[in-house]
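Colleague: Note that full-length UniProt numbering has the sequence shown beginning at 1, numbered continuously upward. This structure is in structure tokens; I'll ask about it shortly.
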Amino acid sequence: MEFHLGTMLFQVVVLIILIALMARFVVRPLLAMMKERQDYIDQQITAAEKNRKEAEELAKQQQEALKQARQEAKELLERAKAQKEREAEEIIRQAQERAERMINEATAQIAREKEKALAELRDEVGRLSVLLAAKVLEKELDAEEQSKLVGRYLEQVGELQ
Numbered sequence: 001m002e003f004h005l006g007t008m009l010f011q012v013v014v015l016i017i018l019i020a021l022m023a024r025f026v027v028r029p030l031l032a033m034m035k036e037r038q039d040y041i042d043q044q045i046t047a048a049e050k051n052r053k054e055a056e057e058l059a060k061q062q063q064e065a066l067k068q069a070r071q072e073a074k075e076l077l078e079r080a081k082a083q084k085e086r087e088a089e090e091i092i093r094q095a096q097e098r099a100e101r102m103i104n105e106a107t108a109q110i111a112r113e114k115e116k117a118l119a120e121l122r123d124e125v126g127r128l129s130v131l132l133a134a135k136v137l138e139k140e141l142d143a144e145e146q147s148k149l150v151g152r153y154l155e156q157v158g159e160l161q
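Below is the structure:
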């Protein structure tokens with residue numbers, strides 16, 4: 001095996017040129033493509049992180065909205081319950097007032113009927129007394145005398161009460 005310095009030198013120069021050409025036309029585009037790919041991956045990671053944060057914020061907002069809606073529903077139920085109680089109390093109060101009015105009216109009606117019955121009873125007792133007195137006296141009284149007699153009797157009955 002013989003080594004030729006010229007051939008070796010030529011092969012070394014060709015190898016250096018080949019390495020330089022590969023660095024220029026293969027490695028640089030490959031590195032540029034890898035850099036581009038790395039930038040794309042970094043953008044995707046950043047976008048995913050941003051989306052995750054937005055989703056967390058949205059979930060937090062939805063939780064707050066749900067909490068607020070529950071609180072509003074609770075307040076609405078409490079107001080409705082209080083309103084129902086007020087209305088029930090008002091209905092009970094009105095029913096009691098109506099019952100008292102009816103009792104008072106019935107009591108007044110009973111008193112009027114009692115007075116009317118007493119008046120009718122006085123008149124009837126007066127007439128019967130006059131008839132009885134007439135039979136006892138065996139004389140017939142005229143209407144004027146009968147009226148005077150009934151009046152006197154009623155005065156006596158009124159004084160007894």
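We put the CB at the ideal spot given by N, CA and C, even for glycine.
#1: My output table needs one value for Phe3: the three-state DSSP class, helix, strand or coil.
#2: In whole angstroms, what separates the C-alpha of Gln71 from that of Glu36?
#3: Going by beta carbon distance, what residues of the same chain come within less than 6 Å of Arg127, once the five residues before and after it are set aside?
#4: I believe Gln146 touches Val125 by the beta-carbon criterion, under 8 Å. Please report the beta-carbon distance rounded to the nearest angstrom.
#5: Within this structure, are the beta carbons of Ala133 and Leu154 separated by less than 8 Å?
Modeller: According to the data block:
#1: Residue state for Phe3 is assigned as coil, using DSSP reduced to three classes.
#2: One C-alpha to the other measures close to 52 Å.
#3: Within the same chain, Arg127 has no close Cβ partners at all.
#4: About 14 Å separates the beta carbon of Gln146 from that of Val125, a gap too long to meet the 8 Å contact definition.
#5: It is not a contact, given that the beta carbons lie outside the stated cut-off.
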